[in-house]
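As structure tokens, the structure follows; a few thoughts come after it.
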Amino acid sequence: MAEKKQVPLRLSAQLYDALAAWAEDDFRSVNGQIEYLLTECVRQRKK
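Mapped onto the working numbering, the consecutive letters of the sequence shown carry residue numbers 37 to 83.
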């Protein structure tokens, strides 16, 4: 598996809370949810 880069990310409290709730709904960690969303956005952009 490829090595993952660590990227510091600053989010507003409101955005973090929304992501945390969404992640919980999808049974993911907040980090996993952000990675999933970014992966989907990149996939859509490549179409």
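C-beta: ideal position from N, C-alpha, C; glycine also.
Output the boundary residues of the alpha helix (DSSP H) element that contains residue 50. Locating residue 50 in the sequence shown gives position 14, where the first residue counts as 1. Run containing residue 50: 49-61, per the alpha helix (DSSP H) assignment.
Would you say residue 46 faces chain C, with C-beta separation under 8 Å as the test? Chain labels in this structure do not include chain C; a single protein chain is all it has.
Just mark residue 42 as buried or exposed, buried being the case when its beta carbon has 16 or more other beta carbons within 10 Å. Counting from 1 along the sequence shown, the entry for residue 42 is found at position 6. Its Cβ having fewer than 16 others within 10 Å, residue 42 is exposed.
In angstroms, rounded to a whole number, what distance separates the CA positions of residue 82 and residue 49? If you number the sequence shown from 1, residue 82 lands on position 46. If you number the sequence shown from 1, residue 49 lands on position 13. For residue 82 and residue 49, the distance between alpha carbons rounds to 31 Å.
Contact check, residue 72 vs residue 79, beta carbons under 8 Å: Within the sequence shown, numbered from 1, the residue matching residue 72 stands at position 36. Within the sequence shown, numbered from 1, the residue matching residue 79 stands at position 43. In this structure, residue 79 does not lie closer than 8 Å to residue 72 by Cβ.
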